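Take a look at the structure set out below.
Numbering (the working numbering), first residue to last: 1462 to 1692.
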């Protein structure tokens, strides 16, 4: 690993947080552990973190509220750790800005792999070359190296997965992609395909760029085929 990434672990169970910390540090990461979510914003402000590993069930303040607060200011990947297996809980986390999730009990090696995959994805989105750095589609302007999106000159904040998905569709405007194709492109073949994940992220993007997200004109649903970003 060419540089030591710093991971913020937010987990109230000391045994689980110790496992996470040991495995991540043995893989070359630097970690900082918090056992509650009370002062997470202050902690993030005080030091540079590259990824947040966030438990859902925390004392005093749940992970969903913390995720929502982080997304108001930061774009680094958020990997949620949950004991819940229902799809609605996963969708809820993705809806408020989480990039990925892993369910307890988990294989520590899989956790390390998920962390690495999310960091690589974020790095690819943040380190584009100077040439062809901007993608402009109608009123949308995407600056790849700065990880910024403008709509009619107004900046809109996008977390990593949403940014990557929007960028990919903008670079391939007028082409229809199935949910499976989008999932494989953005999340990679190492993940089990989940069409709800793509749908949630498309809906969140629409909420930010469409005049009427219920009747989208920019990202159109092509029934039976997938989605198309119109140019």
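From the three backbone atoms N, C-alpha and C, an ideal C-beta is built for every residue, glycine too.
Bear in mind the structure is a predicted one, so any value in this text is a computation, not a measurement.
- Excluding its 5 nearest sequence neighbours in each direction, residue 1667 has C-beta neighbours in its own chain below 8 Å: 1674, 1677, 1679 and 1680, listed in chain order.
- Annotation for residue 1646: the continuous alpha helix (DSSP H) segment containing it runs 1640-1647.
- Annotation for residue 1525: the continuous alpha helix (DSSP H) segment containing it runs 1524-1532.
- Residue 1625 and residue 1494 have their C-alpha atoms spaced approximately 28 Å apart.
- By the criterion of a C-beta distance shorter than 6 Å, residue 1670 is surrounded in its chain by 1612 and 1679, once the five residues flanking it on both sides are discounted.
- For the pair residue 1521 and residue 1497, the CB atoms are nearer than the 8 Å cut-off.
- Excluding five sequence positions before and after residue 1485, the CB atoms of its chain that fall closer than 7 Å to its own CB belong to 1468, 1492, 1573 and 1576, given in chain order.
- When only Cα atoms are considered, residue 1630 and residue 1690 end up about 6 Å apart.
- Annotation: residue 1682 to residue 1474 spans about 42 Å, alpha carbon to alpha carbon.
- In this structure, residue 1665 keeps its C-beta atom at 8 Å or more from the C-beta atom of residue 1579.
- For residue 1620, the closest C-alpha among the options 1570, 1554, 1634 and 1477 is that of 1554.
- Residues 1609 and 1610 of the same chain have their beta carbon placed closer than 8 Å to that of residue 1616, with the five preceding and five following residues left out of the count.
- For the set 1490, 1519, 1527 and 1516, the Cα lying nearest the Cα of residue 1505 is the one of 1527.
- Note that the C-beta distance between residue 1541 and residue 1511 is not below 8 Å.
- When DSSP states are grouped into helix, strand and coil, residue 1535 belongs to the coil group.
- Counting only runs that start and end inside the segment 1541-1584, the alpha helix (DSSP H) elements of at least 4 residues fall at 1548-1556.
- CA-to-CA, the gap between residue 1470 and residue 1595 works out to about 34 Å.
- Straight across, the Cα-Cα distance linking residue 1560 with residue 1539 is about 5 Å.
- Sequence-distant Cβ neighbours of residue 1465 in its own chain, meaning closer than 8 Å and more than five residues away, are 1489, 1490 and 1491.
- In the DSSP secondary-structure assignment, residue 1604 is bridged to 1595 and 1609.
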